[in-house]
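In the numbering used here, the protein residues as written are 424 to 501.
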């Protein structure tokens, strides 16, 4: 799952790095309140207790920038 959450715990959810979550409810406590990360984890926890991989991306200044952060882009490094 790719989400935004600018105020999330940076150690628990580093930017642009996949994080394996085995306890979604506990992880939501470190997800902050802004963006989609906390709401998404809470919604998952309401339904099930799956193992989840989360990638936190920065919220863009515009919706297009956020979309690019979520989808990704082509860089010189590939």
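A virtual CB, placed ideally from N, CA and C, is assigned to each residue, including glycine.
Keep in mind it's a predicted model, so treat the numbers as computed, not measured.
Between the C-alpha atoms of residue i and residue j, what's the straight-line distance to the nearest angstrom?
i	j	result
residue 467	residue 487	26 angstroms
residue 451	residue 436	11 angstroms
residue 465	residue 500	35 angstroms
residue 446	residue 473	8 angstroms
residue 434	residue 462	19 angstroms
residue 481	residue 492	7 angstroms
residue 449	residue 484	29 angstroms
residue 459	residue 426	5 angstroms
residue 489	residue 424	15 angstroms
residue 470	residue 428	21 angstroms
Suppose the cutoff is 7 angstroms on Cβ atoms and the five residues either side in sequence are ignored; what does the same chain contact list for residue i look like?
i	result
residue 456	430
So residue i is in the alpha helix (DSSP H); what residue range does that whole segment cover?
i	result
residue 474	It is not in any alpha helix (DSSP H) - residue 474 carries neither H nor E in the DSSP assignment.
Where do the ends of the beta strand (DSSP E) carrying residue i lie?
i	result
residue 443	441–444
Check whether the Cβ atoms of residue i and residue j lie closer than 8 angstroms to each other.
i	j	result
residue 476	residue 497	no
residue 397	residue 478	With the chain covering 424 to 501 only, the question about residue 397 has no answer from this structure.
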